[in-house]
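This report concerns only the one structure given below.
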Amino acid sequence: MDALNSSIVRDNEAAMIKKIATDISNMLNNFTPSNDFDGFVGMGVHLEKLEPLLCLGSDEVRMIGIWGSPGIGKTTIARVAYNQLSNSFQLSGSKSVIGLRFDYYRIKEEIDISEKAFEGMSNLQFLKVYGYSDTLQLTGGLKNLSHKIRLLEWSDFPMTCLPCTVKLEFLVELIMHRSKLEKLWEGIKPLRTLKWMDLRDSVNLKELPDLSTATNLEKLNLRNCSSLIKLPSLTGNRLEVLDIGGCSSLVELPSFIGNVVNLRELDLNSFPNMLELPSYIGNATNLKKLDLSNCLDLVELPPSLGNLHKLQKLILKGCSKLEVLSININWETLDLLNLAGCSILDLSGCSTIRNAVNLRILNLSSLPKLLEVPSFIGNATNLEDLDLSNCSNLVKLPLLIGNLQKLKRLRLEGCSKLEVLVRRDILEFSITI
């Protein structure tokens, strides 16, 4: 049974179907098996022989054949066996369910998941729930949720805290976008298998629990968790992706970043009150992407940024107080540089840069202090996309732009003072004015 790809709820008839099924189940549970066969001589002997063959304690599907000459009571034996033993199989099939997907986006009525919803699903490993929190109630919490759960993905999760009864020792992925969570859980849980935690847009989340046992955590996404005050220390060295962009209540950048040597992507978009990037960022020597977009108080970058020898993408868009760009950046590995909207940035000190050979995308839009294109662009022989739009004081373009053989797009709209422009008939790329 592949329950992962099946949808439990298809349309608005689901509630009616559930009610009918519940009524039938109640009737069957209250049904007293017929005793019409109790007086049949020898029937008990037949049942004693039949019962071991059925393996009542097994989860396997069994088929038992009863054969013999006509008229010796084969049908009668089967009917008696059914009447006497059918209750032993109630809900036994749920043990074979390893995956469950519940999509209730299209259901307008309120749904209440009872505490018995996961009863009997002792082998459930993958649970995905999608919908809106204002239509789903969990009055019974998550009682009886399998302790074997490996993937728990529940968008708009309605509870403020996961109950202490939930066991997560085998959990690999925890994904709860837009949840109502204020805290994940109380105390410390064994999380040695956890690799991915994604709680983005959980705007009520104020704190994370002790994650010292999550030594294999690789991805932590807390984007737009705007009520989050601080992060716990992460002691494992497996962390590769950390996104705390939009966490506007965080007081300071977590110092453990300097100890996470395998970090590949760090997103600090809109990080508040950060005047300068801490020097320990230079310890994250495997960092490939650094996003500092809209860090409105950022004034300068540390020299230790030069230690990031694998840095490919540097995004400083909207850093309106950034004054200078560090020439210590490892330009040779840089693939993308976005400086759009850095309104007081002075690029005159970048004239000595000679090794931006792998730069493909350069965004210098909305830089009012930019009077001419930096000369290092002439060395960016792999440049494909150059955005100079809304550089209101840009006066001229260097002729060397015509030599950038891989350039595919040049944006110049809003450059009202531009006087010298390379003739379009010698350009092999798209130009927007």
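Read left to right, the sequence shown gives residues 573 to 1005 (the numbering used here). From the three backbone atoms N, C-alpha and C, an ideal C-beta is built for every residue, glycine too.
Quick one: what does DSSP say residue i is sitting in, helix, strand or coil?
{"i": "glycine 544", "result": "Lying before the first or after the last residue shown, residue 544 is absent from the chain, which here runs from 573 to 1005."}
{"i": "aspartate 547", "result": "With the chain covering 573 to 1005 only, the question about residue 547 has no answer from this structure."}
{"i": "valine 896", "result": "strand"}
{"i": "asparagine 858", "result": "coil"}
{"i": "leucine 886", "result": "strand"}
{"i": "glycine 921", "result": "helix"}
{"i": "valine 813", "result": "strand"}
{"i": "glutamate 681", "result": "coil"}
{"i": "leucine 723", "result": "strand"}
{"i": "aspartate 782", "result": "coil"}
{"i": "glutamate 620", "result": "helix"}
{"i": "asparagine 910", "result": "strand"}
{"i": "glutamate 991", "result": "coil"}
{"i": "asparagine 933", "result": "Looking at the sequence provided, one finds isoleucine at residue 933 rather than asparagine. DSSP places isoleucine 933 in strand when its eight states are reduced to three."}
{"i": "isoleucine 760", "result": "coil"}
{"i": "asparagine 962", "result": "coil"}
{"i": "serine 798", "result": "coil"}
{"i": "glycine 974", "result": "helix"}
{"i": "asparagine 831", "result": "helix"}
{"i": "serine 938", "result": "coil"}
{"i": "asparagine 950", "result": "Checking the displayed sequence, the identity of residue 950 turns out to be glycine instead of asparagine. Glycine 950 falls in the helix class under three-state DSSP."}
{"i": "valine 652", "result": "helix"}
{"i": "leucine 600", "result": "Unreliable placement is indicated for leucine 600, whose pLDDT of 47 sits below 50; the coordinate value is still reported in the next sentence. Helix, per DSSP."}
{"i": "serine 820", "result": "coil"}
{"i": "isoleucine 1006", "result": "Residue 1006 is absent from the structure shown; the chain starts at 573 and stops at 1005."}
{"i": "serine 805", "result": "coil"}
{"i": "serine 718", "result": "coil"}
{"i": "isoleucine 853", "result": "helix"}
Taking residue i as the reference, which of the options has the closest Cα?
{"i": "lysine 980", "options": "Thr953, Ile685, Leu971 and Glu758", "result": "Thr953"}
{"i": "asparagine 935", "options": "Ile916, Gly921 and Cys963", "result": "Cys963"}
{"i": "threonine 787", "options": "Glu620, Ser876 and Trp768", "result": "Trp768"}
{"i": "leucine 723", "options": "Asn855, Ile887, Leu897 and Leu696", "result": "Leu696"}
{"i": "serine 686", "options": "Gly692, Met693, Gly713 and Ser666", "result": "Gly713"}
{"i": "valine 652", "options": "Val669, Ser827, Gly616 and Pro624", "result": "Gly616"}
{"i": "leucine 966", "options": "Leu672, Val896, Phe948 and Glu985", "result": "Glu985"}
{"i": "serine 805", "options": "Phe674, Pro850 and Pro826", "result": "Pro826"}
{"i": "aspartate 839", "options": "Asn866, Asn831 and Ser937", "result": "Asn866"}
{"i": "serine 938", "options": "Ser947, Gly950, Asp918 and Ile925", "result": "Asp918"}
{"i": "glycine 692", "options": "Ile760, Phe674 and Lys715", "result": "Lys715"}
{"i": "aspartate 728", "options": "Ile747, Thr737 and Pro735", "result": "Ile747"}
{"i": "glutamate 725", "options": "Thr711, Leu743, Glu872 and His719", "result": "Leu743"}
{"i": "proline 668", "options": "Phe690, Glu682, Ile683 and Asp675", "result": "Looking at the sequence provided, one finds serine at residue 668 rather than proline. Comparing Cα positions, the closest option is Phe690."}
{"i": "cysteine 891", "options": "Arg836, Leu710, Ser915 and Leu814", "result": "Ser915"}
{"i": "phenylalanine 948", "options": "Ser961, Leu976, Pro940 and Lys941", "result": "Leu976"}
{"i": "leucine 771", "options": "Asn834, Glu682 and Leu792", "result": "Leu792"}
{"i": "leucine 868", "options": "Asp675, Leu877 and Lys889", "result": "Lys889"}
{"i": "isoleucine 853", "options": "Ser920, Leu873 and Arg810", "result": "Leu873"}
{"i": "glycine 808", "options": "Ser694, Glu790 and Phe843", "result": "Glu790"}
{"i": "lysine 700", "options": "Ser820, Asn855 and His749", "result": "His749"}
{"i": "asparagine 845", "options": "Arg795, Gly818, Arg836 and Leu811", "result": "Gly818"}
{"i": "lysine 554", "options": "Asn951, Leu990 and Asn910", "result": "One cannot answer for residue 554 here, as it falls past the ends of the chain, which runs 573 to 1005."}
{"i": "asparagine 796", "options": "Ser920, Val896 and Ser751", "result": "Ser751"}
{"i": "leucine 811", "options": "Glu837, Lys688 and Arg678", "result": "Glu837"}
{"i": "glycine 1013", "options": "Asn776, Leu780, Gly703 and Leu753", "result": "This structure gives no information on residue 1013, because the portion of the chain shown stretches from 573 to 1005."}
{"i": "alanine 912", "options": "Ser920, Leu942, Asn902 and Gly703", "result": "Leu942"}
Within the continuous beta strand (DSSP E) that includes residue i, where are the two ends?
{"i": "tyrosine 702", "result": "698-702"}
{"i": "aspartate 773", "result": "That residue, aspartate 773, is in no beta strand (DSSP E); it is neither H nor E in DSSP."}
Any idea which residues DSSP pairs residue i with across the strands?
{"i": "phenylalanine 729", "result": "DSSP output for phenylalanine 729 lists no bridge partner at all."}
{"i": "tryptophan 1008", "result": "Since the displayed the chain opens at 573 and closes at 1005, residue 1008 lies outside it and no answer follows."}
{"i": "glycine 671", "result": "Phe698"}
{"i": "glutamate 944", "result": "Lys968"}
{"i": "aspartate 839", "result": "Asp815 and Asp863"}
{"i": "glutamate 848", "result": "Glu872"}
{"i": "leucine 880", "result": "Leucine 880 pairs with nothing; no bridge assigned."}
{"i": "leucine 708", "result": "Ile683"}
{"i": "lysine 755", "result": "Glu779"}
At a threshold of 7 angstroms, does residue i count as lining the ligand FAD (C-beta to nearest heavy atom)?
{"i": "leucine 943", "result": "This structure lacks the ligand FAD; in fact it carries no ligand of any kind."}
*Do the region 926-938 and the region 869-883 touch if we need at least three Cβ pairs shorter than 8 angstroms?*
Under the 8 angstroms Cβ criterion, the region 926-938 does not count as touching the region 869-883, having fewer than three qualifying pairs.
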